[in-house]
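Peer 1: Chains as they are written, first to last, in my numbering: chain A, 4 to 326; chain B, 4 to 326.
Using N, Cα and C, we set each Cβ at its ideal position, and we do this for glycine too.
There are 2 protein chains.
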Amino acid sequence: MTTHFGDRLTEATLKKEAAVCVGFDPLIQRIPREVSEAFNIEAIRDGDCWNRSNRESLANAILAYGRGVIDAVAPIVPVIKINIAFFEPYCAEGIRAYYQMIRYAQDAGLLVIGDIKRADIGHSTIQYAEAHIGGVEPDPAEGFAMPDAVTVNPYFGYDAIRPFVEAARDRGRGLFVLVQTSNESASEVQGVMLSNQTTLSHHVAGLVQGWASASGLVGESGYSCMGAVVSPRDVEVSRDLREMMPNCIFLVPGFGAQGRTADEVSTCFKDDGTGALVSASRSVIYAYENVRYQGSCGSDGWQSCVAKAAEDLVTSVRTVLTV
Amino acid sequence: MTTHFGDRLTEATLKKEAAVCVGFDPLIQRIPREVSEAFNIEAIRDGDCWNRSNRESLANAILAYGRGVIDAVAPIVPVIKINIAFFEPYCAEGIRAYYQMIRYAQDAGLLVIGDIKRADIGHSTIQYAEAHIGGVEPDPAEGFAMPDAVTVNPYFGYDAIRPFVEAARDRGRGLFVLVQTSNESASEVQGVMLSNQTTLSHHVAGLVQGWASASGLVGESGYSCMGAVVSPRDVEVSRDLREMMPNCIFLVPGFGAQGRTADEVSTCFKDDGTGALVSASRSVIYAYENVRYQGSCGSDGWQSCVAKAAEDLVTSVRTVLTV
Numbered sequence: 004m005t006t007h008f009g010d011r012l013t014e015a016t017l018k019k020e021a022a023v024c025v026g027f028d029p030l031i032q033r034i035p036r037e038v039s040e041a042f043n044i045e046a047i048r049d050g051d052c053w054n055r056s057n058r059e060s061l062a063n064a065i066l067a068y069g070r071g072v073i074d075a076v077a078p079i080v081p082v083i084k085i086n087i088a089f090f091e092p093y094c095a096e097g098i099r100a101y102y103q104m105i106r107y108a109q110d111a112g113l114l115v116i117g118d119i120k121r122a123d124i125g126h127s128t129i130q131y132a133e134a135h136i137g138g139v140e141p142d143p144a145e146g147f148a149m150p151d152a153v154t155v156n157p158y159f160g161y162d163a164i165r166p167f168v169e170a171a172r173d174r175g176r177g178l179f180v181l182v183q184t185s186n187e188s189a190s191e192v193q194g195v196m197l198s199n200q201t202t203l204s205h206h207v208a209g210l211v212q213g214w215a216s217a218s219g220l221v222g223e224s225g226y227s228c229m230g231a232v233v234s235p236r237d238v239e240v241s242r243d244l245r246e247m248m249p250n251c252i253f254l255v256p257g258f259g260a261q262g263r264t265a266d267e268v269s270t271c272f273k274d275d276g277t278g279a280l281v282s283a284s285r286s287v288i289y290a291y292e293n294v295r296y297q298g299s300c301g302s303d304g305w306q307s308c309v310a311k312a313a314e315d316l317v318t319s320v321r322t323v324l325t326v
Numbered sequence: 004m005t006t007h008f009g010d011r012l013t014e015a016t017l018k019k020e021a022a023v024c025v026g027f028d029p030l031i032q033r034i035p036r037e038v039s040e041a042f043n044i045e046a047i048r049d050g051d052c053w054n055r056s057n058r059e060s061l062a063n064a065i066l067a068y069g070r071g072v073i074d075a076v077a078p079i080v081p082v083i084k085i086n087i088a089f090f091e092p093y094c095a096e097g098i099r100a101y102y103q104m105i106r107y108a109q110d111a112g113l114l115v116i117g118d119i120k121r122a123d124i125g126h127s128t129i130q131y132a133e134a135h136i137g138g139v140e141p142d143p144a145e146g147f148a149m150p151d152a153v154t155v156n157p158y159f160g161y162d163a164i165r166p167f168v169e170a171a172r173d174r175g176r177g178l179f180v181l182v183q184t185s186n187e188s189a190s191e192v193q194g195v196m197l198s199n200q201t202t203l204s205h206h207v208a209g210l211v212q213g214w215a216s217a218s219g220l221v222g223e224s225g226y227s228c229m230g231a232v233v234s235p236r237d238v239e240v241s242r243d244l245r246e247m248m249p250n251c252i253f254l255v256p257g258f259g260a261q262g263r264t265a266d267e268v269s270t271c272f273k274d275d276g277t278g279a280l281v282s283a284s285r286s287v288i289y290a291y292e293n294v295r296y297q298g299s300c301g302s303d304g305w306q307s308c309v310a311k312a313a314e315d316l317v318t319s320v321r322t323v324l325t326v
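1) Give the residues of chain A in contact with CYS251 (chain B), contact being defined as C-beta atoms less than 7 Å apart.
2) With a threshold of 8 Å between beta carbons, is ARG55 (chain B) in contact with chain A?
3) Quick check on GLU140 (chain B): does DSSP put it in helix, strand or coil?
4) Can the beta-carbon of LEU66 (chain A) be found less than 8 Å from the beta-carbon of GLN103 (chain A)?
5) So is MET196 (chain A) buried or exposed if we call it buried at 16+ other beta carbons inside 10 Å?
6) Should ALA120 (chain A) be flagged as near chain B, meaning a C-beta pair shorter than 8 Å?
7) So if DSSP puts ASP118 (chain A) in a beta bridge, which residue, or which two residues, is it bridged to?
8) Which ranges does the alpha helix (DSSP H) cover as unbroken runs of at least 4 residues, wholly within the stretch 288-317 of chain A, from first to last along the chain?
9) In terms of residues, what are the limits of the beta strand (DSSP E) holding GLN103 (chain A)?
10) Counting pairs of Cβ atoms below 8 Å between the stretch 156-176 of chain B and the stretch 99-115 of chain B, do you hit three or more?
11) Consider the Cβ of GLU314 (chain A): report whether some Cβ of chain B lies at a distance smaller than 8 Å.
12) What residue does the alpha helix (DSSP H) around GLN130 (chain B) start on, and which one ends it?
13) Taking VAL255 (chain A) and LEU280 (chain A) to be in contact with their CB atoms under 8 Å, please state how far apart those CB atoms are, rounded to whole angstroms.
14) At 4 residues or longer, what runs of the alpha helix (DSSP H) sit wholly inside the stretch 154-191 of chain A?
15) In three-state DSSP terms, what is GLN280 (chain B)?
16) Counting contacts by CB-CB distance shorter than 8 Å, is ALA171 (chain B) in contact with chain A?
17) May I have the straight-line CA-CA distance separating LEU61 (chain B) from ILE34 (chain B), to the nearest angstrom?
18) In this structure, how does DSSP classify PHE8 (chain A) when only helix, strand and coil are distinguished?
19) Judging by CA-CA distance, which residue of B:GLN306, B:ARG263, B:GLU140 and B:LEU17 is the nearest neighbour of VAL38 (chain B)?
20) Name the chain B residues that come within less than 8 Å of GLU59 (chain A), Cβ to Cβ?
21) Please state whether DSSP places LEU220 (chain A) in a helix, a strand or coil.
22) Of all the options B:ASP118, B:ILE79, B:ALA75 and B:ALA310, which has the alpha carbon lying nearest to the alpha carbon of ALA88 (chain B)?
23) What does the Cβ neighbour count give for CYS52 (chain B), buried or exposed, with the cut at 16 atoms within 10 Å?
24) With distances taken from CA atoms, which of A:VAL287, A:TYR289 and A:CYS308 is nearest GLN349 (chain A)?
25) Determine contact between the stretch 7-19 of chain A and the stretch 84-98 of chain A, defined as no fewer than three beta-carbon pairs at a distance below 8 Å.
26) Hey, is the stretch 230-248 of chain B in contact with the stretch 283-291 of chain B, meaning 3+ C-beta pairs nearer than 8 Å?
27) Name, please, each residue of chain B whose Cβ falls closer than 9 Å to the Cβ of GLN193 (chain A).
28) Thinking SER82 (chain A) and LEU316 (chain A) are a contact (beta carbons under 8 Å), I'd like their distance in whole angstroms, please.
29) Count the C-beta pairs between the stretch 202-219 of chain A and the stretch 167-187 of chain B that are closer than 8 Å, then say yes if the count reaches three, no if not.
30) According to DSSP, is THR202 (chain B) part of a helix, a strand, or is it coil?
31) So, with DSSP's three-state summary, where would you put LEU197 (chain A)?
32) How would you label THR270 (chain A), buried or exposed, when you count the other beta carbons within 10 angstroms and need 16 or more for buried?
33) Could you list which residues in chain B have their beta carbon closer than 7 Å to that of MET196 (chain A), in chain order?
34) Could you tell me if GLN200 (chain B) is buried or exposed, where buried requires 16 or more neighbouring beta carbons within 10 angstroms of its beta carbon?
35) Can you list, in chain order, the residues of its chain whose CB lies under 6 Å from that of LEU244 (chain B), leaving out five sequence neighbours each side?
36) What would DSSP say about LEU17 (chain B), mapped onto helix, strand or coil?
Shown next as structure tokens:
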């Protein structure tokens, strides 16, 4: 695995004509009844304490759900983003399921972004990088794998980025640095006004472009193995950020359940239609809860609702790109 | 467990006359030979891939080392900070060891800070909070426990803090928000100059004090269950931050291997000697590599070197406080 991540990602989105990523943020309370019943988790999930057997059941239910989502969306989208936060409550058993799900997704032909949002001082970040995209690989016989890329937090500056960059460069993997996130309170920190009359997001964008364009990191596609997480909160700002980071692929959260519009999202792409990967999570993975999909897909079960929602997502993003 | 975390921490430091925390950041390459030989890890650690049995051995070696450190320092210091980054490379087996080490430390009478530095949008941070200080407790029969407090990253604003605050308040636990970190490149982001001529660290400090002083969070000691990570990089700035966050206990990294001086550290305390917890990691946990300690403690083995270094750390901090 030495092909460049920016090139692999660009090629994968062009091949499926889908600059789209499905985010997997699985709440145990919302997994499909067919799955929760098979693992008998109703009685466990609200318990006073969990033992290993309880955690094993819950983690296995999430893994089964994840595999079902992968089967449904792999023919439609090129990338899945798996959020480790939703596995950590199940302790060791959750982490095992996280790495197993990554392997299953890669075997299905998907690129995988491990949504880990880690950062620490360099000495400690080396450990995070080894655990997630570098270090000793898991034994393939065990059904685990590391993701193709991860998300990281910029608050520590480059010390917390470098170990991920080195692992990404050496293994053909990638990273996305948080620049502008999709949550309501993001502006409390990211939107703070600097002495040069731009915001902290602009400042971080400048840093990210500098890091991303360093020697050896930019592939034949013109994109670096380092991308940026940019939620388009304001069209003007998104346009600025797009211009400031020409070598970065944007991972664009917030389309779907979080309400970002097509106009907002379109500013994250370059004029040639490359440079962004639009991510939606809840609107796709919980499509079976949506009456819009239940009607048309009911008889085929929850997976066909998920597939239909993924198709609709791809169509929406294609429409954005041709307007 | 409903006693207030700020009160528990203040009481624990006064009782041991030691405003000191030992940080556990265990590199597998540096664990004592007695431990590494017992787990036969020399042959494993540089392998091409690790299977479950390999990871089990490595995680168990780190756990054995951690228990040895706890036995050595528990009579001397009130708090241990366990960095999960150093457990994650061992996948599920590492996470199991992390929670087991927390339990062992609490059984030895230590308060435990889980150094996890997590943050995400609120929807995802709820999961992190449940995994680490809230949610369903692990079955006590299994020898796991959650830490008394965790570290969190402010880049998302309050959305990424709230779930930890709610868990902390309800369970008598705590959190420390990163304000100013100890690494070299921290100033690239945290030191950026704002339009009001202060730095981002000052801005985050103002936010943290606002969050920490909210109704129901401040204990009888006057300290909130929310503290701040403040590495004293500049005496003037530390003094500002100390004044800006009267309700926050400072977790002060960087004393020891990272080179912060007594003068710098002293500004993190209030005049009454409360309000800060000085943390040192490598200078204590690897004391057996230091000729200074090898000479005096050689015959008693590595643990007595660690104990002696912890005593020296406590003495240094007492000296800071009486100057």
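Peer 2: This is what the structure gives:
1) Indexing the second sequence from 1 puts residue 251 (chain B) at position 248. Near CYS251 (chain B) there are no residues of chain A at all, since even the closest Cβ is about 17 Å away, more than 7 Å.
2) Residue mapping note: residue 55 (chain B) aligns to position 52 of the second sequence, counting from 1. Yes, its Cβ sits closer than 8 Å to a Cβ of chain A.
3) Translated into the one-based positions of the second sequence, residue 140 (chain B) becomes position 137. Three-state DSSP puts GLU140 (chain B) in a strand.
4) Mapped onto the first sequence, residue 66 (chain A) falls at position 63. Mapped onto the first sequence, residue 103 (chain A) falls at position 100. Yes, they are a contact pair.
5) By one-based count along the first sequence, residue 196 (chain A) stands at place 193. Under a 10 Å Cβ-count criterion, MET196 (chain A) is classified as exposed, with fewer than 16 other Cβ atoms of the shown protein chains found around its own Cβ.
6) In the first sequence, residue 120 (chain A) corresponds to position 117, counting from 1. The question names Ala, but residue 120 (chain A) in the sequence shown is Lys. At least one chain B Cβ lies under 8 Å of LYS120 (chain A).
7) Taking the first sequence and counting its residues from 1, the one referred to as residue 118 (chain A) is at position 115. Paired residue(s): A:ASN86.
8) Within the stretch 288-317 of chain A, the complete alpha helix (DSSP H) segments of 4 residues or longer fall at 294-300, listed in chain order.
9) Counting from one through the first sequence, the residue named residue 103 (chain A) turns up at place 100. Taken as a continuous stretch (DSSP letters only), GLN103 (chain A) belongs to no beta strand (DSSP E), being part of the alpha helix (DSSP H) at 94-110.
10) Result no; under three Cβ-Cβ pairs closer than 8 Å.
11) Here residue 314 (chain A) refers to the residue found at position 311 of the first sequence. No, its Cβ sits nowhere closer than 8 Å to a Cβ of chain B.
12) On the second sequence, residue 130 (chain B) is found 127 positions in, with the first residue counted as 1. GLN130 (chain B) -> alpha helix (DSSP H) spans 125-135.
13) In the first sequence, counting from the first residue as 1, residue 255 (chain A) sits at position 252. In the first sequence, counting from the first residue as 1, residue 280 (chain A) sits at position 277. In this structure, VAL255 (chain A) and LEU280 (chain A) form a Cβ contact; the two beta carbons are roughly 7 Å apart against a cut-off of 8 Å.
14) Correct list: 165-174.
15) As a first step, residue 280 (chain B) is located in the second sequence; it is residue number 277 there, counting from the start. Note on residue identity: the sequence assigns Leu, not Gln, to residue 280 (chain B). For LEU280 (chain B), the three-state secondary structure derived from DSSP is strand.
16) Locating residue 171 (chain B) in the second sequence gives position 168, counting from the first residue. For ALA171 (chain B), no Cβ of chain A is located within less than 8 Å of the residue's own Cβ.
17) Position 58 of the second sequence, counted from the start, is the residue given in the question as residue 61 (chain B). Position 31 of the second sequence, counted from the start, is the residue given in the question as residue 34 (chain B). Here the alpha carbons of ILE34 (chain B) and LEU61 (chain B) stand approximately 11 Å from one another.
18) Here residue 8 (chain A) refers to the residue found at position 5 of the first sequence. Look at PHE8 (chain A) here: in three-state DSSP terms it is helix.
19) Position 35 of the second sequence holds residue 38 (chain B). The shortest Cα separation from VAL38 (chain B) among B:GLN306, B:ARG263, B:GLU140 and B:LEU17 belongs to B:GLN306.
20) Working through the first sequence from its first residue, we reach residue 59 (chain A) at position 56. What GLU59 (chain A) touches in chain B, judged by beta-carbon distance under 8 Å, is nothing: the nearest beta carbon there is about 11 Å away.
21) Taking the first sequence and counting its residues from 1, one reaches residue 220 (chain A) at position 217. Here LEU220 (chain A) sits in coil by DSSP.
22) Within the second sequence, the letter at position 85 stands for residue 88 (chain B). Per the Cα distances, B:ASP118.
23) Counting from 1 along the second sequence, the entry for residue 52 (chain B) is found at position 49. Answer is exposed; the Cβ neighbour count stays below 16.
24) No answer is possible for residue 349 (chain A): it lies beyond the span of chain A, which begins at 4 and ends at 326.
25) By the criterion of at least three beta-carbon pairs nearer than 8 Å, the stretch 7-19 of chain A is not in contact with the stretch 84-98 of chain A.
26) No, because fewer than three Cβ pairs between the stretch 230-248 of chain B and the stretch 283-291 of chain B fall closer than 8 Å, the two stretches do not touch.
27) As a position in the first sequence, residue 193 (chain A) is number 190, starting the count at 1. What GLN193 (chain A) touches in chain B, judged by beta-carbon distance under 9 Å, is TYR158, PHE159 and GLY160, going in chain order.
28) Along the first sequence, one-based indexing puts residue 82 (chain A) at 79. Along the first sequence, one-based indexing puts residue 316 (chain A) at 313. Note that residue 82 (chain A) corresponds to Val in the displayed sequence, not to Ser. Contact between VAL82 (chain A) and LEU316 (chain A) does not hold, since their C-beta atoms are separated by about 12 Å, which reaches or exceeds 8 Å.
29) Pairwise C-beta distances place the stretch 202-219 of chain A out of contact with the stretch 167-187 of chain B, as fewer than three of them are shorter than 8 Å.
30) By one-based count along the second sequence, residue 202 (chain B) stands at place 199. If DSSP states are grouped into helix, strand and coil, THR202 (chain B) belongs with the strands.
31) Here residue 197 (chain A) refers to the residue found at position 194 when the first sequence is read from its first residue. Strand.
32) Looking up residue 270 (chain A) in the first sequence gives position 267. Buried is the label assigned to THR270 (chain A), since at least 16 other Cβ atoms lie within 10 Å of its Cβ.
33) The residue labelled residue 196 (chain A) in the question sits at position 193 within the first sequence. Neighbours of MET196 (chain A) on chain B, chain order: LEU197 and SER198.
34) As a working note, residue 200 (chain B) is residue 197 in the second sequence. Classification for GLN200 (chain B): exposed.
35) For this step, residue 244 (chain B) is matched to residue 241 along the second sequence. For LEU244 (chain B), where only same-chain residues beyond five positions count, the Cβ hits under 6 Å are ALA208 and VAL233.
36) Counted from its first residue, the second sequence places residue 17 (chain B) at position 14. Three-state DSSP puts LEU17 (chain B) in a helix.
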